[in-house]
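Trainee: Sending over a structure as structure tokens; questions will come in a sec.
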Amino acid sequence: MATAESIVRADEPLNLTFSEAELEAHRDHITSFIEAQVDAAGVDTVVMGLSGGIDSTLVSHLAVEALGRDAVHGLVMPSEVNRADNMSDAERVANDLLGIEYDVIEINPLVDTFLDAYPDAEGDQLAVGNLRVRCRAVLNYLVGNHEQALVLGTGNRSEALVGYYTKYGDGAVDCHPIAALYKQQVRQLAKHVGVPDDLAEKTASAEMWAGQTDADEMGMDYDTLDSILALHIDGGVPAAGTADQLGVPLDVVETVREMYESSAHKRAMPPGPDPLY
Ligand SMILES: Nc1ncnc2c1ncn2[C@@H]1O[C@H](COP(=O)(O)OP(=O)(O)OC[C@H]2O[C@@H]([n+]3cccc(C(=O)O)c3)[C@H](O)[C@@H]2O)[C@@H](O)[C@H]1O
Ligand SMILES: Nc1ncnc2c1ncn2[C@@H]1O[C@H](COP(=O)(O)OP(=O)(O)OP(=O)(O)O)[C@@H](O)[C@H]1O
Ligand SMILES: [Mg+2]
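Take the sequence shown: its position 105, counting from 1, is numbered 105 in full-length UniProt numbering, and each next residue is one higher.
In structure tokens form, the structure reads like this:
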């Protein structure tokens, strides 16, 4: 885990932001995608977790644009490690910004029930953090089944490429409308569609344990991660050239490649052996 002082920041990060015309094109593309997913499933509504973070704020905003506010159901699911201001931001998004129906469901009792059933995991920060995330996935699908609603995910391209999400947790959804956007672009599109700056510029956190931030855990900020992904992983520029161009140590580029390669299993269907005959 990096400390605030040791987080790597590229000297020359790429500017991956869009022009105004491109922003409008992405907005249309994503709202059309949401509409098409709902149509293809033969349903009218969607359900999704609202965390007060920018990914869920943008997806919920675009879902309301695509389907109307009556078709979007938000779930705010606090646990003991969530900051109160994030949970109140989630309610602010549902109430004040979007005017959608939402429920607040505390997940501590669910998490405790699992740990009572398997106390060996108690104190295992990552396992319990992932358990919190998976409890939310179960609730999303409980509501989704009951209301014949699709579960909207909030994964962006940066998280997907390095596997920075919980398998069958926040990854357990029916579609990811902002999957093509790097994190910088998520923030930019959010501002473009009218999300207030304080939400769009908020420090990203999975809130799987108290005080967690994405940058601390990954050891670099999103501008650096996005730049390495765009140049080296998506762009095919060799590691050394990427490090030189961005002004980051070579081992940071290699770390991102290792995260990309070791998370391939999260971007694939669970494999089985080919049929024998
Ligand atoms: N090679 C392989 N082939 C097939 N399966 C493989 C595998 N390696 C591990 N696995 C399986 O995957 C499991 C590990 O994956 P997983 O359970 O996801 O756990 P893991 O990747 O270890 O942890 C999740 C990471 O995502 C971050 N996260 C989670 C949720 C939200 C956010 C956010 O930004 O909001 C971030 C979190 O902070 C943490 O760094 C293993 O226990 C194993 O079951
Ligand atoms: N406390 C919560 N209540 C409801 N949903 C949550 C909660 N925490 C996480 N989620 C869901 O899990 C998703 C993944 O979390 P993640 O932290 O990556 O996104 P975010 O909070 O929207 O944005 P950011 O990455 O900037 O913090 C959220 O977008 C949201 O849908
Ligand atoms: Mg978050």
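Just so you know, even glycine gets a beta-carbon here, dropped at the ideal spot from N, CA and C.
Within its chain, find whatever has a CB closer than 6 Å to the CB of ILE11; leave out the 5 residues flanking it on each side and keep chain order.
Mentor: A quick correction: the sequence has Asp, not Ile, at residue 11. Counting only Cβ-Cβ distances below 6 Å, and skipping sequence neighbours, we find GLY247.
Trainee: Enumerate, from N- to C-terminal direction, the unbroken beta strand (DSSP E) stretches of 3 or more residues contained entirely within the stretch 118-174.
Mentor: 149-151
Trainee: TYR168 to VAL128, Cα distance in whole Å?
Mentor: 14 Å
Trainee: Using the Cα positions of GLY53 and VAL162, report the straight-line distance between them to the nearest angstrom.
Mentor: 19 Å
Trainee: Rounded to a whole number of angstroms, what is the C-alpha to C-alpha distance between ARG187 and ASP274?
Mentor: 42 Å
Trainee: Taking CB distances under 8 Å as the criterion, tell me whether ILE30 reaches chain B.
Mentor: Here chain B cannot be found, since the structure has a single protein chain.
Trainee: Expressed to the nearest angstrom, what Euclidean distance is found between the alpha-carbon atoms of SER205 and ASN86?
Mentor: 10 Å
Trainee: CA-CA distance, GLY74 and LEU276?
Mentor: 45 Å
Trainee: Assign GLU101 to one of three DSSP states: helix, strand, or coil.
Mentor: strand
Trainee: Answer with buried or exposed for ALA160, where buried requires no fewer than 16 other C-beta atoms within 10 angstroms of its C-beta.
Mentor: Answer is buried; the Cβ neighbour count reaches 16.
Trainee: Quick one: give me the first and last residue of the alpha helix (DSSP H) that MET218 is part of.
Mentor: 214-218
Trainee: Among VAL173, ASP116, ARG132, GLY68, whose alpha-carbon lies nearest the alpha-carbon of residue 278?
Mentor: Residue 278 falls outside the range modelled here, since the chain spans only 1 to 277, and no answer is possible.
Trainee: In whole angstroms, what separates the C-alpha of VAL46 from that of VAL81?
Mentor: 27 Å
Trainee: Would you check whether ligand 3 has a heavy atom nearer than 7 Å to the C-beta of GLU217?
Mentor: Result no, Cβ not under 7 Å from ligand 3.
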